[in-house]
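I have placed the structure first, in the form of structure tokens, so that the comments after it can refer back to it.
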Amino acid sequence: MIQRIQTLYMLLAIVAAVLCMCNPIGVILAEDSTPLADLYNLWLSVDPESNGVISHVVMPWASLFALLALVCTLLTIGIFLFKKRALQMRVVNLSMLLLIGYYIAGLAFIMLFNHNNGLPLLSSFRPTVWVAMPFVALVLSYLAFRGILKDQLLIKSLERLR
Numbered sequence: 001m002i003q004r005i006q007t008l009y010m011l012l013a014i015v016a017a018v019l020c021m022c023n024p025i026g027v028i029l030a031e032d033s034t035p036l037a038d039l040y041n042l043w044l045s046v047d048p049e050s051n052g053v054i055s056h057v058v059m060p061w062a063s064l065f066a067l068l069a070l071v072c073t074l075l076t077i078g079i080f081l082f083k084k085r086a087l088q089m090r091v092v093n094l095s096m097l098l099l100i101g102y103y104i105a106g107l108a109f110i111m112l113f114n115h116n117n118g119l120p121l122l123s124s125f126r127p128t129v130w131v132a133m134p135f136v137a138l139v140l141s142y143l144a145f146r147g148i149l150k151d152q153l154l155i156k157s158l159e160r161l162r
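Read left to right, the sequence shown gives residues 1 to 162 (my numbering).
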């Protein structure tokens, strides 16, 4: 199980997703480019020195956290499905779709949040390096999928030789 390269790719993808869950993914800026709030996957941390323009918004951001938690769960399950390669490929594919959905949902929430607070749509958000971790997890999941597919094709070719 652990000696397969796709297992290592899945483990590294889990680590990347957990790093993104634990760190701020961006900063909301005021019109004069002063930081108003730190954006995490689960909550929005408002700077107490700001003049109260931004209210606390917790619920939409919780779905970003839930998507990453679901990806971590699916990849963990995928590691233990090493004897069922077809199912393992489906689980990894689903996690890749959820990681793409993470970016779509994140962009939609940022645009909706800025629209509701009267801020420019995208110019008031400055991402941090941690927002790239789901993309790293997506690439690692794709590499794991290719490794699983390679194993599946190898097993099929060996069965033809019998």
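Glycine included, C-beta positions come from ideal geometry on N, C-alpha and C. Computed from a predicted structure; not experimentally measured.
Under DSSP, P127 forms a beta bridge with G26. For L36, there is no enclosing alpha helix (DSSP H); the residue is part of the beta strand (DSSP E) that begins and ends at P35 to L39. By the Cβ test, the region 127-136 is not in contact with the region 83-90, since fewer than three Cβ pairs between them sit closer than 8 angstroms. For the pair L68 and I14, the Cα-to-Cα distance works out to about 9 angstroms. Q6 and L149 have their C-alpha atoms spaced approximately 10 angstroms apart. Contact annotation: L64 and L42 have beta-carbon atoms nearer than 9 angstroms. Uninterrupted alpha helix (DSSP H) stretches at least 4 residues long and entirely within the region 79-122 occur at 85-116, given in chain order. In this structure, V92 and A30 do not form a Cβ contact; the two beta carbons are roughly 41 angstroms apart against a cut-off of 8 angstroms. Bridge pairing for L44: L39 [DSSP]. Burial check for M89: the Cβ neighbour count within 10 Å reaches 16 or more, so the residue is buried.
By the criterion of a C-beta distance shorter than 8 angstroms, Y9 is surrounded in its chain by L140, S141, L143, A144 and G147, once the five residues flanking it on both sides are discounted.
From the listed residues S95, L81, S157 and R160, the smallest Cα separation to R4 is found for L81.
Here A137 is buried. Its C-beta has 16 or more other C-beta atoms within 10 Å. In the three-state scheme derived from DSSP, where H, G and I count as helix and E and B as strand, R146 is classed as helix. The DSSP-derived three-state label of E159 is helix.
When the Cα atoms are used, T34 and I28 turn out to be separated by approximately 9 angstroms.
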